[in-house]
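First the structure, in the form of structure tokens, and then the observations on it.
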Amino acid sequence: MGKKGDLSNFERGMVVGARRAGLSISQSAQLLGFSRTTISRVYKEWCAKGKTSSMRQSCGRKCLVDARGQRRMARLIQADRRATLTEITTRYNRGMQQSLCEATTHTTLRRMGYNSRRPHRVPLISTTNRKKRLQFARAHQNWTVEDWKNVAWSDESRFLLRHSNGRVRIWRKQNENMDPSCLVTTVQAGGGGVMVWGMFSWHTLGPSVPIGHRLNATAYLSIVSDHVHPFMTTMYPSSDGYFQHDNAPCHKARIISNWFLEHDNEFTVLKWPPQSPDLNPIEYLWDVVERELRVLDVHPTNLHQLQDAILSIWANISKECFQHLVESMPHRIKAVLKAKGGQTPY
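Be aware that the sequence shown starts at 41, since it is given in the numbering used here, and climbs by one per residue.
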């Protein structure tokens, strides 16, 4: 019947109210679900001090870092996010009458909500490209989801046969460093990989095309004529569609630009800002393929099996998945505007 932890002020008020209403200690305990000792202690405290608030929060050692000290520590963190615990402690103790140890600094930072984490990796965006990203966002800030439904997204991605994972940790004894169960085998250049080009729109998942060698202008022209053209004319027969691709050199080659000029009456090429993978929702689909490859029951052992697995995973991406990505475009544009052309969480 006992209750762990201290009672809230409301619960202590209920105890006092029950006793003042004439209930005995046993009756109060049975009614409220507290122990008889708790009922007696709370009522005695009320009779002696006239208060129902708990005094237990004032117990224990006083915190060495008060609110002012926490603000000082927060300024140190914001000035140098990469500072080590030792450096933060040393800088904090400068000019202070009472010095802190590293353990106290760590406890204080945890209490303030700070934790040591790996930094999120984002592309380095030049000043010029920040302006171009911001211009693109401003030009499309009034586009609704219905407008973005007219865009077909495309990109290439490379998938490795084997992955190197530097975060793997094992448990072993000192003399077990060469035990087969304690080794991680590596293959030069990841054992090779497969490059795939793909496209999609809100209406449907488009084709995914394996690229045998490096993608040059000639190979990309074949993709554009064999896959992009029929997709755009089928999905957007009214010529109101937009085709998106990034600023890779092969995408901007003269033969590619001339081909798009010859077909500008059928669809429009979306003018895309450089260094903007966060604005292209197809990047998330590549992540989906990568995650699915890693959790396969039988992992590919050669490039042919890897290619088949990629195409199979791509073909089974749900409609809800890629439609949700298109619906996120207004939020992506707002994020770029908020970051003034800089990096976004996407």
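Don't be surprised by glycine CBs; every beta carbon is placed ideally from N, CA and C.
Just so we're clear, the structure is a prediction, and the values are computed from it rather than from any experiment.
Secondary structure of residue i, DSSP reduced to three states
i: Asp195; result: strand
i: Gly381; result: coil
i: Tyr83; result: helix
i: Phe307; result: coil
i: Gly153; result: coil
i: Phe300; result: helix
i: Pro250; result: strand
i: Phe50; result: helix
i: Tyr386; result: coil
i: His371; result: helix
i: Leu351; result: helix
i: Leu336; result: coil
i: Leu325; result: helix
i: Leu261; result: helix
i: Leu104; result: coil
i: Leu343; result: helix
i: Leu201; result: coil
i: Leu140; result: coil
i: Val376; result: helix
i: Leu245; result: strand
i: Val56; result: helix
i: Ala229; result: Here Ala229 scores only 49 on pLDDT, less than 50, and its place in the model is too uncertain to base an answer on.
Delimiting residues of the beta strand (DSSP E) encompassing residue i
i: Met239; result: Gly233 to Phe240
i: Val366; result: Unbroken run through Val366 is the alpha helix (DSSP H), Lys359 to Glu367; no beta strand (DSSP E).
Short Cβ contact (8 Å threshold) for residue i with residue j
i: Gly153; j: Arg198; result: no
i: Thr145; j: Ile128; result: yes
i: Leu174; j: Lys359; result: no
i: Leu239; j: Gly246; result: According to the sequence provided, residue 239 is Met. The question's Leu does not apply to it. It is a contact, given that the beta carbons lie within the stated cut-off.
i: Val37; j: Trp299; result: No answer is possible for residue 37: the residues shown for the chain start at 41 and end at 386.
i: Val376; j: Pro321; result: no
i: Leu319; j: Arg372; result: yes
i: Leu116; j: Gln138; result: no
i: Pro289; j: Asn169; result: no
i: Val329; j: Trp354; result: yes
i: Thr78; j: Met113; result: no
i: Met275; j: Ser297; result: no
i: Leu343; j: Leu200; result: no
i: Met72; j: Ala61; result: In the sequence on display, residue 72 carries Leu and not Met. No, the pair does not count as a contact, with Cβ atoms beyond the cut-off.
Unbroken alpha helix (DSSP H) run spanning residue i, endpoints
i: Pro270; result: His269 to Met275
i: Ser166; result: Taken as a continuous stretch (DSSP letters only), Ser166 belongs to no alpha helix (DSSP H), as it is neither H nor E.
i: Met113; result: Ala107 to Ala119
i: Gln70; result: Ile65 to Leu72
i: Trp188; result: Val185 to Trp188
i: Thr130; result: Leu125 to Asn133
i: Leu319; result: No alpha helix (DSSP H) contains Leu319, which DSSP labels as neither H nor E.
i: Ser279; result: Premise fails: Ser279 is in no alpha helix (DSSP H) and is neither H nor E.
Closer than 7 Å: residue i CB and nearest the ligand PLP heavy atom
i: Glu186; result: Inclusion of the ligand PLP in the displayed structure is not the case, the ligand content being empty and no account of it being possible.
Nearest-angstrom beta carbon gap, residue j and residue i [assumed within contact, 8 Å]
i: Val162; j: Gln383; result: 4 Å
i: Val303; j: His269; result: Position check: residue 303 holds His in this sequence, whereas Val was assumed. Indeed they touch by this definition, with Cβ atoms about 7 Å apart.
i: Gln284; j: Trp193; result: 5 Å
i: Met369; j: Trp188; result: 4 Å
i: Asn190; j: Asp280; result: 6 Å
i: Leu125; j: Tyr132; result: Not really, about 11 Å apart at Cβ, beyond 8 Å.
i: Thr308; j: Tyr282; result: 5 Å
i: Asp195; j: Asp286; result: 7 Å
i: Ile251; j: Ala259; result: 7 Å
Chain C within 8 Å of residue i, Cβ atoms only
i: Thr130; result: The question asks about chain C, but that chain is absent: this structure has only one protein chain.
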